[in-house]
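**Q** Provided herewith is a single structure, encoded as structure tokens, for subsequent inquiry.
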Amino acid sequence: MASLRLFLLCLAGLIFASEAGPGGAGESKCPLMVKVLDAVRGSPAVDVAVKVFKKTADGSWEPFASGKTAESGELHGLTTDEKFTEGVYRVELDTKSYWKALGISPFHEYAEVSGHTDLFGFCFRSHEMHSAL
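Here the sequence shown stands for residues -20 to -1, 1 to 113, where the numbers follow mature numbering (1 follows the signal peptide of the UniProt record, and there is no 0).
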């Protein structure tokens, strides 16, 4: 049942890049924005801890940015155009804490999305990108 709930949740960590603007955006743009949706409840996932890592030349992952989603389920201001260089990035969503805060027993510790900067111009759903879900 828990895995079905998690699958239905698909806590769709949507990653938008290149033209992602801050909440209520005017002219200002940020190169990386994370939006997390709770598909079970049909609402933005609020207060989800997000960690972004960048793959290094030796294949290890180095911390890149972090934060928590807002009321909109979005997290802006993670990086700048200068720092968001070409490479492979991994976004980790702390689903365990999110579900526990809602009084639901979590099945997984986190959900993860990873990809090359060339791919981040598209929208990804975490359950389609990583087998952990």
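Each residue gets a CB set at the ideal place from its N, CA and C atoms; glycine is no exception.
Whole angstroms is fine: what's the gap from PHE44's alpha carbon to GLY83's?
**A** The residue given as residue 44 occupies position 64 in the sequence shown. The residue given as residue 83 occupies position 103 in the sequence shown. Taking the straight line joining both Cα atoms gives about 30 Å.
**Q** Suppose the cutoff is 6 Å on Cβ atoms and the five residues either side in sequence are ignored; what does the same chain contact list for TRP79 look like?
**A** Here residue 79 refers to the residue found at position 99 of the sequence shown. For TRP79, where only same-chain residues beyond five positions count, the Cβ hits under 6 Å are PRO86.
**Q** Would LEU58 pass as a contact of LEU17 if the rule is Cβ separation under 7 Å?
**A** As a position in the sequence shown, residue 58 is number 78, starting the count at 1. As a position in the sequence shown, residue 17 is number 37, starting the count at 1. In this structure, LEU17 does not lie closer than 7 Å to LEU58 by Cβ.
**Q** Can you tell me whether THR49 is buried or exposed, with buried defined as 16 or more other CB within 10 angstroms of its CB?
**A** Within the sequence shown, numbered from 1, the residue matching residue 49 stands at position 69. Flag for THR49 reads buried.
**Q** Would you mind reading off the limits of the beta strand (DSSP E) that contains TYR90?
**A** As a position in the sequence shown, residue 90 is number 110, starting the count at 1. Taken as a continuous stretch (DSSP letters only), TYR90 belongs to no beta strand (DSSP E), as it is neither H nor E.
**Q** With distances taken from CA atoms, which of LEU55, SER77, ARG21 and ASP61 is nearest VAL71?
**A** Sequence index remark: in the sequence shown, residue 71 carries index 91 (1-based). Minimum Cα distance to VAL71 is reached at LEU55.
**Q** Is it the case that the Cβ atoms of LYS31 and SER46 are separated by a distance below 7 Å?
**A** Counting from 1 along the sequence shown, the entry for residue 31 is found at position 51. Counting from 1 along the sequence shown, the entry for residue 46 is found at position 66. In contact: LYS31 and SER46 (Cβ atoms closer than 7 Å).
**Q** Whose CA, out of PRO24, ASP61 and SER52, lies closest to the CA of THR97?
**A** On the sequence shown, position 117 is the one that residue 97 refers to. When only C-alpha atoms are compared, the closest one is ASP61.
**Q** Is ALA81 helix, strand or coil by DSSP?
**A** As a working note, residue 81 is residue 101 in the sequence shown. Helix at ALA81.
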